[in-house]
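Enquirer:
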Amino acid sequence: NEAVGGDYILGYSADPASASREQASGPRDHVYLWHCNYHPDGGQVFYPMNGEPFVTPLALPGDDIKPDDFVCFRFDGSCGLYIHPGIWHEGVFPTVETGSFFDKQGRVHARVSVDFAREFGLLLKVPL
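Residue 1319 in our numbering is what sits at position 110 of the sequence shown, and the numbering runs on without skipping anything.
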């Protein structure tokens, strides 16, 4: 995340125990997410640099969040996405093999997070 100088794994295409950075561990038809968050004091924008189609999970504001509250939205790559403060989200995930996205958010990386694995004993499955 160049917007805040971070480098971290957002999701997995397979069970995390069998996932690998060196080789594909199965079909790329979904992503398993361990985490989502919202920013209470600023929005965030994502824009595909080369018109890549993408998906992202979003949920309405509220601190009593559950995995079932998330809805996956699909974008054809002709536009970007602005996420208002308080909206639960994760990054964007290209539906093609690779993608490059412009990402901008406030300098203060304030966030409220949910850890699906710890809090609910599951990973959120997002279809690509």
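Yeah, the Cβ is synthetic: ideal placement off N, Cα and C, and Gly gets one too. Predicted, not measured: the structure shown is a model, and the values here were computed from it.
1) Classify residue 1306: buried if its beta carbon has 16 or more other beta carbons within 10 angstroms, exposed otherwise.
2) Flag this pair as yes or no: are the beta carbons of residue 1299 and residue 1245 separated by less than 7 Å?
3) Are residue 1337 and residue 1325 closer than 7 Å when you measure CB to CB?
4) For residue 1223, does the three-state DSSP call read helix, strand or coil?
5) In angstroms, rounded to a whole number, what distance separates the CA positions of residue 1259 and residue 1292?
6) Could you tell me if residue 1321 is buried or exposed, where buried requires 16 or more neighbouring beta carbons within 10 angstroms of its beta carbon?
7) With three or more beta-carbon pairs closer than 8 Å as the criterion, would you say the segment 1307 to 1320 touches the segment 1259 to 1269?
8) Less than 8 Å between the CB atoms is what I'm expecting for residue 1331 and residue 1276, so what's the real figure, rounded?
9) How about residue 1286: is its C-beta nearer than 7 Å to some C-beta of chain C?
10) Count the other CB atoms within 10 Å of the CB of residue 1301; is the residue buried (16 or more) or exposed (fewer)?
11) What are the start and end residues of the beta strand (DSSP E) that includes residue 1268?
Expert: Answer, in terms of the structure:
1) exposed
2) yes
3) no
4) coil
5) 20 Å
6) exposed
7) yes
8) 7 Å
9) The displayed structure is made up of one protein chain only, and chain C is not part of it.
10) buried
11) 1263 to 1268
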